[in-house]
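I have placed the structure first, in the form of structure tokens, so that the comments after it can refer back to it.
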Amino acid sequence: MSISITQQHGLVRGSDDAMAMECPYCGVFAHMRPQSTPSAAQLLKHRPKHVGMVYQCDACRAPVFLRFAVKRYADDAVELYQNFVELERPKERFAYSYLPPQTQVLLREALACYSGNNFNAFASMCRRTALSAFAALGEGGKLRAFEEVMAAQDIAEIDDETFLPIKTILFESGEEDDMPLLNRVQAGVLLEVMKDFLYQCFVRRGKLTRAIKVRHFFTREAENENDQASASPQAV
Ligand SMILES: [Zn+2]
Numbered sequence: 104m105s106i107s108i109t110q111q112h113g114l115v116r117g118s119d120d121a122m123a124m125e126c127p128y129c130g131v132f133a134h135m136r137p138q139s140t141p142s143a144a145q146l147l148k149h150r151p152k153h154v155g156m157v158y159q160c161d162a163c164r165a166p167v168f169l170r171f172a173v174k175r176y177a178d179d180a181v182e183l184y185q186n187f188v189e190l191e192r193p194k195e196r197f198a199y200s201y202l203p204p205q206t207q208v209l210l211r212e213a214l215a216c217y218s219g220n221n222f223n224a225f226a227s228m229c230r231r232t233a234l235s236a237f238a239a240l241g242e243g244g245k246l247r248a249f250e251e252v253m254a255a256q257d258i259a260e261i262d263d264e265t266f267l268p269i270k271t272i273l274f275e276s277g278e279e280d281d282m283p284l285l286n287r288v289q290a291g292v293l294l295e296v297m298k299d300f301l302y303q304c305f306v307r308r309g310k311l312t313r314a315i316k317v318r319h320f321f322t323r324e325a326e327n328e329n330d331q332a333s334a335s336p337q338a339v
């Protein structure tokens, strides 16, 4: 299991070492093939600590930029660490159009923080997004949101200890300093809870009303056509 750039063969990976990851463009977990690799001669001359490479996604052909740390320099090769940093992370998606305008703006920024691995900025933006959603829901909105969030905890069987910081962030607004610091795992839970609560409070209702409106429209059209057909003798 190694990855190196050699003077003789360019990029060399271990035999059973195919490269696959979630593409930041198409979101598919796809095979990635090297598209652009720096020359070993240049690396050996300047000896940088990190090396950038471009891979191509097999599913959508987009270029994917990765950064590897150098493990060691040999005489004619550069050995790299297996782990890499993705310079563009997959974007979190949401049916934004169903949200009230202000909530929509805040959630977009919250999810951008999450995709950039800025988990505490994400938590702060979740609080602002939640406050704007409570306001948009009107009287009793916060209570309704609280019930949805508690139901989510129950369905997902998340223990109280993990869940406490999430409840604090969403419902104990006041002093910004009081917000707990989140790690990657807690931020992931907050992300899913946040999406679920906004889905239950806005998207579900929006989708359902839209679907029922469309169904009414087609039923009325069909009735009109039937009426016209029975009123016109040529149509018989
Ligand atoms: Zn892709």
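With the first letter of the sequence shown counted as 1, position 124 gets the number 227 in this note's numbering; the numbers rise by one all the way through. Yeah, the Cβ is synthetic: ideal placement off N, Cα and C, and Gly gets one too. From a predicted model like this one, the values you see are computed outputs, not experimental measurements.
*In terms of residue numbering, what span does the beta strand (DSSP E) encompassing E324 cover?*
Per DSSP, E324 belongs to no beta strand (DSSP E); it is in the alpha helix (DSSP H), R307 to A334.
*Return the bridge partner residues of L114 from the DSSP annotation.*
For L114, which the question treats as bridged, DSSP gives the partners I108.
_To the nearest angstrom, how far is the alpha carbon of L202 from that of V317?_
Our two residues, L202 and V317, have alpha carbons roughly 20 Å apart in a direct line.
*From I106, Q331, E260 and R247, pick the residue whose C-alpha is nearest to that of Q303; which is it?*
Check the Cα spacing between Q303 and each of I106, Q331, E260 and R247: the tightest is with R247.
*asked:* ligand 1 and A162: does any heavy atom of the ligand fall closer than 7 Å to the residue's C-beta?
replied: Yes, the Cβ of A162 comes within 7 Å of a heavy atom of ligand 1.
*Spell out the partners DSSP gives V167 in its beta bridges.*
Paired residues: Y158.
*Simplified DSSP state of V131, which is helix, strand or coil*: Coil at V131, not helix or strand.
*So, is T232 buried or exposed, given that buried needs 16 or more other C-beta atoms within 10 angstroms?*
T232 comes out buried.
*Confirm the yes/no value for this check: CB of A123, any heavy atom of ligand 1, distance under 7 Å.*
Flag unset: Cβ of A123 not near ligand 1.
*Please determine, among E264, L301 and R307, the residue with the shortest C-alpha to C-alpha distance to V288.*
Among E264, L301 and R307, the Cα nearest to that of V288 is on E264.
*Check whether the Cβ atoms of P166 and V157 lie closer than 8 Å to each other.*
Contact flag set, yes.
*How about F197 and A290: do their beta carbons lie closer than 8 Å?*
Their beta carbons are not under 8 Å apart, which means F197 does not touch A290 by this criterion.
*Tell me which same chain residues have a C-beta within less than 6 Å of the C-beta of R323, skipping the five on either side of it?*
Setting aside the 5 residues that flank it on each side, R323 has no residue in the same chain whose C-beta is closer than 6 Å to its C-beta.
*May I ask whether a heavy atom of ligand 1 can be found less than 7 Å away from the beta carbon of Y158?*
Taking the Cβ of Y158 as the reference point, every heavy atom of ligand 1 lies at 7 Å or farther away.
*On the three-state DSSP scale, how would you describe S227?*
Helix.
*asked:* Using only the alpha-carbon positions, how far apart do H153 and M124 sit?
replied: Distance between the alpha carbons of H153 and M124: 20 Å.
*With distances taken Cα to Cα, identify the nearest neighbour of K194 among A215, K245 and Q138.*
The option with the nearest alpha carbon to K194 is A215.
*For R308, does the count of other Cβ atoms within 10 angstroms reach 16, so buried, or fall short, so exposed?*
Here R308 is exposed, its C-beta having fewer than 16 other C-beta atoms within 10 Å.
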